[in-house]
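Undergrad:
In this note's numbering, the protein residues as written are 10 to 280.
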């Protein structure tokens, strides 16, 4: 009898956890939908801007730099666009997640939901926007004659690892912003420097010495370079680069999540 009772309790607990996870996924979905609607609420073109924006930036940068780098970079527009869409996902996720706890203060106080959900929703929104940008990206691959290859199947792994890395940064920023509003301004400065060290629009082969070492150690460059390898050149990234991507994602996510969980009570008291 006792064994049956224990089994029933286990089943009941499992069902409750499954129902709870289902509820959390629903909340994330609704928060993501709200963020996307709010982002494009005053725009006539709406979500189409997520498709047009990378194309417009690609056209602009191509006119400026294609003549400068055409001898050292094959298919420069695709080279640039590959780096740009990943960079946009990273910055979109971390910038939006930074203010999410403050933006959703009333929900945090009134509704008993894990704080992590609000950060996850903002990061997931950036992933959805990346999906829209990929429409333009795929079209441009065909226009520039980039052939589909089996190595492209590795692309989702690269995006997933970058997403984990972004989530770790997002956890730290969202906690810090509650206590220090100036983090937003400091982070914008950091992002500017970070962008120029990510080789988005120039070839890293032309860099030498310490600058090149900094770029190659830059985690964002690793993800961008890996995606360029599988999409443009049809080869897997070097083993050392794959290891770096995994390590960066795992370590940053773990540290970020630890800091977030450790400061949850302080965040609620401050809010």
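Note that beta-carbon positions come from the ideal geometry of N, C-alpha and C, so glycine has one too.
As the structure is a prediction and not an experimental result, all values here were calculated from the model.
Once the 5 residues before and after residue 244 are set aside, which same chain residues still bring their CB inside 7 Å of it?
TA: As a position in the chain shown, residue 244 is number 235, starting the count at 1. If we look at residue 244 and ignore the five residues flanking it on each side, its Cβ neighbours are 160, 238.
Undergrad: Less than 7 Å between the C-beta atoms of residue 6 and residue 230, yes or no?
TA: Because the chain here runs from 10 to 280, residue 6 falls outside it and cannot be looked at.
Undergrad: Give a yes or no on contact between the segment 131 to 145 and the segment 210 to 229, applying the rule of three or more CB pairs nearer than 8 Å.
TA: no
Undergrad: Less than 6 Å between the CB of residue 225 and some heavy atom of the ligand FMN, yes or no?
TA: Judged by which ligands are present, the structure shown has none, so any question about the ligand FMN falls away.
Undergrad: In chain order, what residues of the same chain lie with their CB nearer than 6 Å to the CB of residue 211, ignoring the 5 residues before and after it?
TA: Start at 1 with the first residue of the chain shown, and residue 211 comes out as number 202. Excluding residues within five positions, none has a Cβ falling inside 6 Å.
Undergrad: Rounded to whole angstroms, what is the Cα-Cα separation between residue 109 and residue 194?
TA: Residue 109 sits at position 100 when you count from the first residue of the chain shown. Residue 194 sits at position 185 when you count from the first residue of the chain shown. Straight-line Cα distance between these residues: approximately 16 Å.
Undergrad: For residue 98, I'd like the list of residues in its chain whose CB is within less than 6 Å of its CB, leaving aside the five on either flank, ordered along the chain.
TA: Residue numbering aside, residue 98 sits at position 89 when the chain shown is read from its first letter. These residues qualify, in order along the chain: 135, 139.
Undergrad: To the nearest angstrom, report how far apart residue 166 and residue 233 are at their CA atoms.
TA: As a first step, residue 166 must be located in the chain shown, where it is residue number 157. As a first step, residue 233 must be located in the chain shown, where it is residue number 224. The straight-line gap from Cα to Cα measures roughly 12 Å.
Undergrad: Taking the CB atoms as reference points, tell me whether residue 279 and residue 187 lie closer together than 7 Å.
TA: Numbered from 1 along the chain shown, position 270 holds the residue referred to as residue 279. Numbered from 1 along the chain shown, position 178 holds the residue referred to as residue 187. Their beta carbons are under 7 Å apart, which means residue 279 touches residue 187 by this criterion.
Undergrad: Once DSSP output is grouped into helix, strand and coil, what is the label at residue 208?
TA: In the chain shown, residue 208 corresponds to position 199, counting from 1. In this structure, residue 208 counts as coil in the three-state DSSP scheme.
Undergrad: Throw me the rounded Cβ distance for the residue 106 and residue 132 pair, which I believe falls under 8 Å.
TA: Counting from one through the chain shown, the residue named residue 106 turns up at place 97. Counting from one through the chain shown, the residue named residue 132 turns up at place 123. Contact flag correct, Cβ pair sits at about 6 Å.
Undergrad: So, is residue 248 buried or exposed, given that buried needs 16 or more other C-beta atoms within 10 angstroms?
TA: Walking along the chain shown from the start, residue 248 turns up at place 239. Burial call: exposed.
Undergrad: Please state whether the Cβ-Cβ distance between residue 261 and residue 177 is less than 7 Å.
TA: Along the chain shown, read from residue 1 onward, the residue named residue 261 stands at position 252. Along the chain shown, read from residue 1 onward, the residue named residue 177 stands at position 168. Yes, the pair counts as a contact, with Cβ atoms nearer than the cut-off.
Undergrad: Residue 255: which of 102, 116, 172 sits nearest, CA to CA?
TA: For this step, residue 255 is matched to residue 246 along the chain shown. The candidate whose alpha carbon is nearest that of residue 255 is 172.
Undergrad: Figure out for me which residue from 152, 253, 111 has the closest Cα to the Cα of residue 185.
TA: Translated into positions along the chain shown, residue 185 becomes position 176. Looking at the Cα atoms, 111 is the closest of the given residues.
Undergrad: Tell me, to the nearest whole angstrom, how far the beta carbon of residue 180 is from that of residue 137; I am working on the premise that it is less than 8 Å.
TA: Sequence index remark: in the chain shown, residue 180 carries index 171 (1-based). Sequence index remark: in the chain shown, residue 137 carries index 128 (1-based). With 8 Å as the limit, residue 180 and residue 137 do not qualify as a contact, their Cβ atoms being about 19 Å apart.
Undergrad: How is the alpha helix (DSSP H) around residue 225 delimited, first residue to last?
TA: Mapped onto the chain shown, residue 225 falls at position 216. Its alpha helix (DSSP H) spans residues 218 to 226.
Undergrad: Using DSSP with H/G/I as helix, E/B as strand and the rest coil, what is residue 163?
TA: On the chain shown, position 154 is the one that residue 163 refers to. Helix.
Undergrad: Using a C-beta cutoff of 7 Å, does residue 267 count as contacting chain D?
TA: Included in the structure is just one protein chain, with no chain D present.
Undergrad: If I follow the unbroken alpha helix (DSSP H) through residue 278, where does it start and stop?
TA: Here residue 278 refers to the residue found at position 269 when the chain shown is read from its first residue. Its alpha helix (DSSP H) spans residues 273 to 279.
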